[in-house]
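To start, the structure under review is shown below, and the notes come after it.
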Amino acid sequence: MMKKRSIPASKASLVLFLCQMISALDVPLDSKLLEELLQPPTITRQSPKDYIVDPRENIVIQCEAKGKPPPSFSWTRNGTHFDIDKDAQVTMKPNSGTLVINIMNGGKAEAYEGIYQCTARNERGAAISNNIVVRPSRSPLWTKERLEPNQVREGDSLVLHCRPPVGLPPPIIFWMDNAFQRLPQSERVSQGLNGDLYFSNVQPEDTREDYICYARFNHTQTIQQKQPISVKVFSMDSLNDTIAANLSDTDIYGAKPVTQRQPVLLTPTGSTSTKVELRGNVLLLECIAAGIPTPVIRWIKEGGELPANRTFFENFKKTLKIIDVSEADSGNYKCIARNTLGSAHHVISVTVKAAPYWITAPRNLVLSPGEDGTLICRANGNPKPNINWLANGVPIAIAPEDPSRRVDGDTIIFSHVQERSSSVYQCNASNEYGYLLANAFVNVLAEPPRILTPANKLYQVIADSPALLDCAYFGSPKPEIEWFKGVKGSTLHGNEYVFHDNGTLEIPVAQKDSTGTYTCVARNELGKIQNEVQLEVKDPTVIIKQPEYKVIQRYGQVSFECIIKHDSTLLPAVIWLKDHDELPDDERFLVGKDNLTIMNVTDKDDGTYTCIVNTTLDSVSASAVLTVVAAPPTPAIIYARPNPPFDLELTGQLERSIELSWIPGDENNSPITNFVIEYEDGLHEPGVWHYQTEVPGTQTTVQLKLSPYVNYSFRVIAVNEIGRSQPSEPSEQYLTKSANPDENPSNVQGIGSEPDNLVITWKSLKGFQSNGPGLQYKVSWRQKDVDDEWTSVIVANVSKYIVSGTPTFVPYEIKVQALNDLGYAPEPSEVIGHSGEDLPMVAPGNVQVHVINSTLAKVHWDPVPVKTVRGHLQGYKVYYWKIQSLSRRSRRHVEKKILTFRGNKTFGMLPGLEPYSSYKLNVRVVNGKGEGPASPDKVFKTPEGVPSSPSFLKITNPTLDSLTLEWGSPTHPNGVLTSYILKFQPINNTHELGPLVEIRIPANESSLILKNLNYSTRYKFYFNAQTSVGSGSQITEEAVTIMDEAGILHPAVGAGKGYSETLFAASPVMHTVRPTFYKGKEDWKKEIVNGSRSFFVLKGLTPGTAYKVRVGAEGLSGFRSSEDVFETGPAMASRQVDIATQGWFIGLMCAVALLILILLIVCFIRRNKGGKYPVKEKEDAHADPEIQPMKEDDGTFGEYSDAEDHKPLKKGSRTPSDRTVKKEDSDDSLVDYGEGVNGQFNEDGSFIGQYSGKKEKEPAEGNESSEAPSPVNAMNSFV
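In the numbering used here, the protein residues as written are 187 to 1465.
In C-alpha cells, the structure reads:
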C-alpha cells in the first residue's frame, strides 16, 4: 500500500518557482525588436542524428544558429576538437557552422566516418547540436554461390531464399523475371518480410528458370541482382507415367495423387516467438502457412482488441501492420492459418519499448534582473531515461558556479538572477534505445517598455460584435498595462471590458458610443510609454426585403427582391447564388441593383436562390425557393422526361477497364438524345455520384476506364429534349486493385507568408487518384542557384507545408511527390517559389519632373537596386498633390492622388494637372508586401493655361438702341486674366447672321452697356476670357432690343405689338413650351418650342385682329400655363421685305446667273486662244475692291457694304444646323495655298477661289436643316 507523502520544505520553493515561471517574459516575434535585443545562441538547423551520406558526393553536415551578437561555431569529432583549418578537404560556410567535406575532388567518405557535434557560442552562452553520426551508405554485391535447381512435387510447399547482402541502409527486396517483370503474387505465392519467396503449395505453372531476387539500395540508387533460381514442378500424372515405365506389371503402387493437406506454418516456426518494437514505430507481424487448399490467415490479440484506425492487413492478410505503436499495444498476438482440413496457429509476444520522448521540454527563459524562474526537463521512456544537465555544453557539475542556480533533478531553479546569469542550458534524456537533447537559454534583460502596435491604428467593427484593440508590448521587467478612453480619460475597468495578458483590450459588445480614441499605457520600473488607437463602430448590414418563395409557370418571368440597409461608410457587394453555386452563364439572368430577374423560365431554373451581401466587416444572406411548374395541360401530346434505364450489367472486368450495359426506359414521346454515366466511389466518397462519361442515345453499352483502388458502382441517366430521367438503380460494385500513384499533386506553389518562411502548397489528389491506401506526399526543397542538397519531408494527406527560418525573398526549387503504401508516383517536375517578402528598404532616387504643358508633367526616377526590393517588383507609385493655386493664392484641403506604374518603369506621365499651380510629389517602390519609403518631396509648378468660360453672362435693361451686359469671372482662371473678348452680330427674321463685331474689355470690368444698336433687333453674343496663353471657351447668349418704349413687357407671358407677325416672349423653362394662340372663334392652334428659348414669332396673323395667346410649360410638377390678349395693328408696308422670296426677284436672278454663265464660257474660250477678256484686263489695271480686306470699323466688305440695307444679300454661307459657332482650329487650309485669297468650293466641288472675294471667318449659328442656297447666295459665290 502506497503511503501519502507530504511536500518537504525543500520542495516548497519549487512550487513557488513553477508559478513564477508562468509569468516569465515572452519575447514577441517582432523583427525590429529581435534585432535590438541581446540573445544567447539558438540552434535553428542541424543534420539528422543518423546521417547516412552518399560516398560519391560531398558531405554537408548542417549547423545553423541565431543569436545577438551572431554566434561563432566550432566542431568536435569523436569527442575531440575537430580543427577544420588543418584539413584542406573541409570548409565551413560563411556566417554559418555548416561543414562541407569535399569528396568529389579526391576525398574518401570512409575517412570522415564518425560522430560530429557543433557548438554555437557568443558572449551570452553556447548551444550544442545533437551527436551526428556520419556513415557512408554501402551497397555491396551479392556473394557468388552455386544454386541447385529446385525440383518439387505438385502440392508441396517451397521457400526460395533471397539472403541479400547487408547494406546501409538495408535494401528493398523484390522478385522479378528475366524480362524485368514483377512475379505475380497471391494468397498462394507471396514475399515475406525477410525477402524470401514463399509457396504455400506449388502448381505446374510455377515451373520456370528465372526466379530472380533484386535488392534496391535507394541511397545510392543502385540495384543488385541475385543469380536466377530454377524451379521445376512434377505433376502427379507425369510422375506416375515415369514410375510405370520403370516397374514390372506386378507392381501395383504408384505416386499418390495430390491430396488436401492441413495448414503448416512456414514462418515463424514453432508455436511461440517474441518481438520487441519501439514506441511510435510501425509493428509488422507475419505468418505464412503451407497447405491445400491455400490457408487463410486471421489475426487476433489475446485478451484485447486490435487497435482501431491503426491496424492494417497486408500481403493477403499474412502481415499484420499496426502504426504508431505505444506501450498499450504490448501483448500476445495470435495468427491462425485455416483451410477446410484444419488450422494451425502461432503466438507472438510483443513488447513495446520506448526511446526517450518529451513530456515537458525546457523552454527559453527571459528574466529581468532580480527575478526568479525555472527550467523544467521531463521525459519518459521504457526503460525510464536518465536526465543530465549541461551549461554552455559542459556538464553542469564541472561548469562555472552560479550562485543564482540550483539543480533539483529534472529542474533548475533560478533565484535573484543577474545579467551575468545568462547562459544556454542543455538537457540530455537517454536510455538504451536513444537520447533527446534540448537547448534552452536563460536571458537576463533590463529593458524599458516598448509598444509594438502601430500608433493611431484604426479598428472597425460592426455594432453588437466584439472589438479587440491590440497593445503588443515588451519590457523587462514585464510592464503593467492600463487602458484609457480618450487622451486624458479615466482608467477603463468593469465587466464591460476584458483585459488580456498580451495587452489586448476586448469590448465584448461594442456599441455606437464605443467609437473613439483609446490609449494604452505600458510602464515598468525603467520607464513608461503610451500609444493611441482608433475605434469605429459601424451599423450592421440588414436585408430589409428578403427574396420570397415563388411558383412560376414554364417560360414565364420571375423576380426576387433583395433590398438592403447598410452603414453609409461601407460599400456592399451583392452576390446571387443558385443552389449554393454561381448563377448560370445565361443572358436570361438579369442582376439588378436590388433584385434578380429570370426571363423565359425553364425547368433547369428550379432551385434555391440566395442573395449574399458582403461588406469589409460583415456578411448577411437570405434565400428563397423557385418552383417551376408546367403550363396548363392541353389536348396535345404529352412530352415528358424519359423513364430511367434498368438492368445494368458489368462484364469484361479488367484492372483498368470494364464494360457496362443497360436497357433504356420509356422515352415518353421525346427521343433519347444521350445517356449520362455516373459512378460512386464507395471506398472514398460513399453516397457521392460523379460524372464519368456520356454516349449517344442509340448506344446501350460503353467501355469505361477505371482507376486503381476504387470501389465502383455505376448508374445511368437518360436525357431527351424535355430533361433528364431519374437515375437508374446502381450496378453491382467492382473494386479495382491498388497501384502506385499515377500522378503527382498539381498547382505546386511556394510563396512565403512571412519574411522568414516558405509556404509550399499544392492541390491534393482526390481519393480515387491515390491509387491505394496510405496516401502521403514527399515535399522537397532547396535554395536555387546555391549548391544545396534537397531537403525532404514526408507529410500526411495535407495540402500545405511551411518551411521556417528561410532568408527573405530568395528563390527555391520545389517539388511534391505523391506516394502510397505501394510506392511512389513518377518523379515530379520542379517549380520555382520564393520565400516571404518584406517591405522595400530604399526609396527611388534622382526624382526629376519635366513640365510638358499646363496640365501634363513627366516624372523620372532612378530604379532601386534589385536586392533592396525584397520581393516581387510590382511597380512604382507616384503620390502627388496640389499645394496651392498661383492665381488665387489660397490653400485648400490637400487631396493626394496616386498613380501606379507597373513593372520596372523609370518614368511616368502625370495628367489632369491644374494650370498655374504648385505641386509636390514623391515616388515609392511597391512589392507584394507593400510600399517602401517615400522619396524626398519634389516641388514643381505648372504654367498658365487658357481660362474656363465666364461663370455667367446676363443681358438686362433692353432699350431701343442699347443692352446692358453683366458677367462673372471664370471659375478656373488658370492664370492671370488679361482681358475679355466680346463678339456679337445681329440675327434677321430668317435666322441668318449679320456682320460680326469684336470688342476687347479690360479684365477688371464686370459689366458693359452696348449703345447705338438697331431697335427691335435680335443679337447673338459670344463672350470669353483671355490669359497670356490664349482665349478660353466662350459663353453665348441672345437678346433683343425693343421696338419702342411701350414694348417692354412685365408679365411672364407677353406679345410684342406687331402686324402680321408678333414676337411672343416667355420666361425660360427647362422643358418643352407649347404656345397657343386664338383668333375669333377659330380652334386653338399649337406650336412646339424648344424649352431653352424665351420668345417665339407668330407669323401669318391678320392685321387689326384680336388674339388670345396661352403658353404652357411641362416640367416635373406637371403642366402649367398663362394667357395674354393682344391685337395686331393695321396693315402697312413691312419695314423689311425679304426680296429673296419675291417671284420677280427670283426670275431676275436666274437671268443674271444665265448671263454670267455665258460670260464665263466666252472668257474661257478667249483665254484658251491667248486673248484677254474684260475681267482680266480690269484685274491687271487695278486690284479688285472685292478682294480687299474687311473694314475694321464696321466689319463689312469694302466695296459692297451698305450701311442702310440690312438684307442678308452679302452673306455667302448658311448657318450650321447645330446652332454652334465652331472655332477654326486647323491651320492647314486652302488659304495657305491660294496666294492670299480664301479658296472656296462650288456645290459640284470645283475650286473657285481665283474669282471669289475674301471672306472673314465668322461664327454663325442656326437651327435650320440643310436646304438649297437662295439665288442671292448662289450669286454671291460667283462674284
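Beta carbons: idealized from backbone N, C-alpha and C, even for Gly. This one's a predicted model, so the numbers in the text were calculated from it and none came from an experiment.
CA-to-CA distance, residue j to residue i, given in whole angstroms
{"i": "N930", "j": "L951", "result": "7 Å"}
{"i": "V1109", "j": "T677", "result": "43 Å"}
{"i": "P1049", "j": "P1119", "result": "14 Å"}
{"i": "T305", "j": "D973", "result": "24 Å"}
{"i": "V888", "j": "E841", "result": "16 Å"}
{"i": "L1008", "j": "K949", "result": "21 Å"}
{"i": "A514", "j": "R484", "result": "21 Å"}
{"i": "Y1066", "j": "P758", "result": "30 Å"}
{"i": "K664", "j": "N710", "result": "7 Å"}
{"i": "D328", "j": "C348", "result": "A small fix is needed here, since residue 328 is Trp in this sequence, not Asp. Rounded to whole angstroms, W328 to C348 spans 10 Å at the Cα level."}
{"i": "P941", "j": "L464", "result": "39 Å"}
{"i": "E618", "j": "P357", "result": "26 Å"}
Of the listed residues the options, nearest to residue i (C-alpha basis)
{"i": "L803", "options": "F861, S651, N244, K671", "result": "S651"}
{"i": "R1186", "options": "F685, Y1208, L354, L470", "result": "Y1208"}
{"i": "P322", "options": "G300, A313, A312, R402", "result": "G300"}
{"i": "E1081", "options": "D656, L1107, E773", "result": "L1107"}
{"i": "V320", "options": "A295, C521, P857, S745", "result": "A295"}
{"i": "V684", "options": "Q697, L654, P665, T701", "result": "L654"}
{"i": "T1227", "options": "N1200, S1217, I1221, N1210", "result": "N1200"}
{"i": "V1037", "options": "V862, S1015, T1176, L1096", "result": "L1096"}
{"i": "G778", "options": "P326, L622, L756, I750", "result": "I750"}
{"i": "N943", "options": "V965, I980, P993", "result": "P993"}
{"i": "Y237", "options": "L812, E880, Q303, W875", "result": "Q303"}
Three-way DSSP call (helix, strand, coil) for residue i in this model
{"i": "V1111", "result": "strand"}
{"i": "L1025", "result": "coil"}
{"i": "F1331", "result": "helix"}
{"i": "D852", "result": "coil"}
{"i": "D588", "result": "coil"}
{"i": "P390", "result": "helix"}
{"i": "S258", "result": "strand"}
{"i": "T1203", "result": "coil"}
{"i": "F366", "result": "coil"}
{"i": "A624", "result": "strand"}
{"i": "A1292", "result": "strand"}
{"i": "N1354", "result": "helix"}
6 Å Cβ shell around residue i - same chain, five flanking residues per side excluded
{"i": "S807", "result": "T796, I798"}
{"i": "L344", "result": "V338, F385, V388"}
{"i": "Q955", "result": "none"}
{"i": "K1140", "result": "E1152"}
{"i": "V1028", "result": "V1050, T1054"}
{"i": "T1222", "result": "Y1208"}
{"i": "N983", "result": "L961"}
Residues of its chain near residue i, where Cβ-Cβ distance is below 7 Å and the 5 sequence neighbours each way are ignored
{"i": "V286", "result": "N244, V246, T277, K279"}
{"i": "T1164", "result": "A1189, Q1212, T1213, S1214"}
{"i": "E340", "result": "V388, Q389, P390, V419, F420, S421, M422, V444"}
{"i": "R231", "result": "Q248, E250, G991"}
{"i": "K254", "result": "L223, L224, Q225"}
Other residues of its chain near residue i: CB distance less than 8 Å, five sequence neighbours each side excluded
{"i": "V1017", "result": "V934, Q935, G936, E999, I1000, K1001"}
{"i": "K461", "result": "L469, L471, I534, S535, V536, T537"}
{"i": "A1225", "result": "I1141, P1144, L1149, R1204, Y1205, F1207"}
Note to self: Could you check whether the segment 709-718 touches the segment 620-637, counting it as contact only if at least three pairs of C-beta atoms, one from each stretch, sit closer than 8 Å?
What the structure shows: Between the segment 709-718 and the segment 620-637, the count of Cβ pairs shorter than 8 Å is three or higher; the stretches touch.
Check: When the Cβ atoms of the segment 394-403 are set against those of the segment 356-368, are three or more pairs found closer than 8 Å?
Finding: Yes, the segment 394-403 touches the segment 356-368.
Notebook entry, point to check: With a cut-off of 8 Å, do at least 3 Cβ pairs link the segment 478-497 to the segment 556-573?
Noted result: No, the segment 478-497 does not touch the segment 556-573.
Notebook entry, point to check: Between the segment 691-698 and the segment 718-730, are three or more C-beta pairs nearer than 8 Å?
Noted result: Look at the beta carbons and you see the segment 691-698 touching the segment 718-730: at least three pairs across the two are nearer than 8 Å.
Note to self: Across the segment 1057-1071 and the segment 1082-1094, are there enough close Cβ pairs to call them in contact, namely three or more that are closer than 8 Å?
What the structure shows: Put simply, the segment 1057-1071 touches the segment 1082-1094. At least three CB pairs are less than 8 Å apart.
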